[in-house]
Amino acid sequence: MMSLGAASSIIGPASFIPLSSGLLQAATTNEKLNRTFGDEIRKFNVDVPQEELTYLKQRLSQTRWPEKEPVSDWSQGVPLSKIQYLCEYWQKEYDWRRCEEMINNFGSYTTKIKGLDIHFLHIRSSESNALPLLLLHGWPGSILEFHKIIGPLTNPNAYGKLGENVPESFHLVIPSMPGYGFSEKPDETGWNRERIADAWIELMSRLGYGDYWAAHGGDWGELIAMTIGNKAPKGLIGVHVSTIDLTPNSEEIEKSTSTELSYIEKANHFLHNLSGYAKEQATKPQTIGYALADSPVGQAAWIYEKFYDWTDNDGSPERILSLDEMIDNIMMYWLPNTGASSARLYRENADVTWGSIPVNVPVGVSQFPKDVTGGSRRWADERFNNNVVYWNDLAKGGHFAALEQPGILIDEIRKCFRLIRKNR
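Going by full-length UniProt numbering, the residue at position 235 of the sequence shown is 235; the numbering climbs one at a time, nothing skipped.
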């Protein structure tokens with residue numbers, strides 16, 4: 001088992017990269033980066049010690065399983081046969097080094113913002129008119145949610161068939177939230193949506209994008225993107241979101257259309273049947289953190305359940321996501337041991353009413369039908385200062401849009417920001 005000291009080789013800055021990953025190469029890369037961005041940006045090479053991967057397989061082989069569920073569906077949680085199938089693949093066939101190479105090849109960096117080392121991907125387009133775009137994940141997501149859309153958005157000429165519209169290009173900045181992935185874990189309270197939004201504004205400025213940029217997010221990424229839109233920093237031209245959570249007031253409920261009533265029913269179903277995880281994480285994140293830190297199966301089930309509940313999967317998450325994709329994302333929690341620190345975001349924002357933040361820049365919304373929450377454009381207009389300039393209710397897809405329907409999301413991002421740029 002890896003010691004706490006060894007963990008810095010996974011989650012620390014480039015100076016902590018294990019010798020086997022090539023410190024000389026990292027130093028050379030850092031020198032090039034420093035000439036471009038200053039000494040605040042550091043190359044980050046993910047190189048998990050082999051003993052940590054061996055330990056994981058050992059723990060998976062020694063799992064103490066509970067009895068089979070007494071129902072024939074997912075109503076009591078992940079079925080025993082499903083999690084055993086996933087974990088057998090994880091133990092015997094899954095290859096983390098493939099995922100590790102993908103992260104490093106994208107362009108992986110760290111920088112210290114507000115006292116924390118923040119890990120992020122930075123992929124520049126070769127197109128001169130590319131729009132700098134901040135891509136924001138949520139829970140239980142990670143930077144890997146976006147792996148299918150990075151290429152088409154930065155190099156559209158090489159991926160023309162994936163999106164149907166005229167291919168705009170983007171410079172992409174994809175940070176891991178504090179306490180998520182390979183970003184440092186806060187050791188004090190106060191890392192709420194406001195502080196994270198300020199950190200991302202600083203990140204874009206530090207990368208040289210402060211004069212002209214945009215943001216996209218889903219889940220917590222939606223909330224933080226909207227918070228950035230509320231702050232309306234210099235250079236921000238607009239935000240786009242792929243999830244929307246609008247809570248109607250009593251007057252809106254009374255005047256609801258049949259479609260709006262369906263959103264209320266969806267919200268009530270989520271509240272009463274699917275939100276147990278959120279209540280635990282918003283009240284006692286440290287308690288659930290012990291189980292998530294100690295048990296790889298526990299961490300996997302905690303996330304795998306959401307890939308079933310929140311995707312447009314027709315009965316099985318494997319119909320829409322590969323085992324590798326799901327386990328890649330699980331590994332972004334297991335390896336850096338972020339079960340507790342990621343859950344703490346719910347506690348930090350427990351007093352926030354989603355969908356209530358006024359936005360002071362143009363907003364685009366792409367609503368996927370199988371997401372767990374939703375809302376109408378009428379509700380959105382009233383909350384976002386009538387700044388909603390793009391809205392599309394889509395025919396398929398769920399909460400993890402970039403993983404489930406990358407082509408659709410690419411088109412939505414392009415159409416939204418094409419409109420915003422045209423109207424500036």
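Virtual Cβ for every residue (Gly too), placed ideally from N, Cα, C. Note that the structure is a prediction, hence the values are computed from the model and not measured.
Collapsed DSSP secondary structure at residue i in the structure displayed
i	result
Trp-354	coil
Phe-106	helix
Lys-255	coil
Leu-136	strand
Ala-278	helix
Arg-35	Residue confidence for Arg-35 is low, a pLDDT of 40 falling below 50, so the modelled location carries little weight and cannot support an answer.
Ile-420	helix
Leu-246	coil
Thr-338	coil
Thr-189	coil
Ala-113	The question names Ala, yet the displayed sequence has Ile at residue 113. Here Ile-113 sits in strand by DSSP.
Ile-174	strand
Leu-24	Low local confidence applies: a pLDDT of 27 at Leu-24 is under 50, so the model's placement there is unreliable, and no value is given.
Thr-29	Per-residue confidence for Thr-29 stands at a pLDDT of 40, beneath the threshold of 50, marking its modelled position as unreliable; the derived number appears in the next sentence. It is helical.
Arg-42	strand
Ala-6	Unreliable positioning characterises Ala-6 in this predicted model, as indicated by a pLDDT of 32, which lies under 50. A coordinate reading is not provided.
Ile-196	helix
Asn-360	coil
Asp-411	helix
Among the options, the one whose alpha carbon lies nearest that of residue i
i	options	result
Leu-335	Glu-194, Thr-247, Leu-53, Phe-44	Leu-53
Ala-401	Lys-415, Arg-424, Gln-367	Gln-367
Asn-249	Tyr-263, Lys-82, Thr-243	Tyr-263
Asn-337	Asn-155, Glu-100, Ala-300, His-147	Ala-300
Asn-329	His-147, Leu-131, Ser-75	His-147
Thr-353	His-216, Trp-220, His-137	Trp-220
Gly-374	Leu-394, Asn-386, Val-359, Asn-385	Leu-394
Trp-191	Glu-348, Lys-415, Ala-225	Glu-348
Met-177	Lys-114, Ser-275, Ile-123	Lys-114
Asn-155	Leu-131, Ile-288, Leu-136	Leu-131
Residue i, enclosing alpha helix (DSSP H) - first and last residue
i	result
Lys-57	50 to 61
Asn-329	323 to 334
Phe-307	296 to 309
Ser-81	80 to 92
Lys-284	No alpha helix (DSSP H) holds Lys-284; DSSP gives it neither H nor E.
Lys-231	220 to 231
Ala-130	That residue, Ala-130, is in no alpha helix (DSSP H); it is neither H nor E in DSSP.
Trp-379	377 to 383
Glu-404	401 to 404
Own chain partners of residue i with C-beta closer than 8 Å, once the 5 adjacent residues on each side are dropped
i	result
Tyr-94	Leu-323, Asp-324, Ile-327
Tyr-346	Trp-139, Ala-278, Gln-281, Ala-282, Pro-285
Ser-376	Leu-246, Thr-257, Thr-259, Glu-260, Tyr-263
Glu-40	Thr-111, Lys-112, Arg-206
First through last residue of the beta strand (DSSP E) which encompasses residue i
i	result
Tyr-209	Neither: Tyr-209 is in no beta strand (DSSP E) and is coded neither H nor E.
Ser-366	363 to 367
Phe-120	116 to 123
Asn-393	For clarity, residue 393 is Asp in the given sequence; the question names Asn instead. 388 to 393 is the span of the beta strand (DSSP E), which, as asked, contains Asp-393.
His-147	Careful: His-147 lies outside any beta strand (DSSP E), inside the alpha helix (DSSP H) at 147 to 154.
Ile-237	236 to 241
Gly-217	213 to 217
Cutoff 6 Å; reference residue i; Cβ partners in own chain excluding five residues on either side
i	result
Asp-371	Thr-243, Gly-398, His-399
Gln-405	Gly-397
Asn-423	none
Gly-238	Ala-214, Val-361, Pro-362, Ile-420
Close-in-space but distant-in-sequence residues of the same chain around residue i (CB under 7 Å, 5 per side omitted)
i	result
Gly-210	Met-204, Lys-234, Gly-235
Taking contact to mean 3 or more Cβ pairs, one atom from each stretch, closer than 8 Å, check whether the stretch 284 to 297 and the stretch 306 to 323 are in contact. Note that the stretch 284 to 297 does not touch the stretch 306 to 323; fewer than 3 beta-carbon pairs, one per stretch, sit closer than 8 Å.
Given 8 Å as the limit, is there contact between the stretch 396 to 413 and the stretch 252 to 260, that is, 3 or more CB pairs closer than that? no
Using a Cβ distance threshold of 8 Å, determine whether the stretch 40 to 48 contacts the stretch 111 to 124, with at least three qualifying pairs required. yes
Using 8 Å as the cut-off, can you tell me whether the stretch 79 to 94 makes contact with the stretch 138 to 155, which would need three or more C-beta pairs spanning the two stretches below that distance? no
Say whether the stretch 63 to 71 touches the stretch 301 to 314, bearing in mind that this needs 3 or more beta-carbon pairs closer than 8 Å, one atom from each stretch. They do not touch, by the three-pair rule.
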